[in-house]
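Numbering (the numbering used here), first residue to last: 250 to 305.
Notes to accompany the following structure.
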């Protein structure tokens, strides 16, 4: 689904924009970044301006 881009139309998928985004859940969830396990919720994502760097 992801490789074909079909996930963007899935009703459970939501997109957000921002420089700092905090992700939290009632129960801890594994967070994946670029196909790798990156962290466990809660997590704050920060995107550097004019870069493709994501800090977890």
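For glycine and all other residues, C-beta sits at the position ideal for the given N, C-alpha and C.
Does the distance from the CB of residue i to the CB of residue j come in under 7 Å?
| i | j | result |
| --- | --- | --- |
| residue 271 | residue 293 | yes |
| residue 296 | residue 286 | no |
| residue 269 | residue 262 | no |
For residue i, which beta-bridge partners are listed by DSSP?
| i | result |
| --- | --- |
| residue 281 | 286 |
Using the three-state DSSP reduction, which class does residue i fall into: helix, strand or coil?
| i | result |
| --- | --- |
| residue 263 | coil |
| residue 255 | helix |
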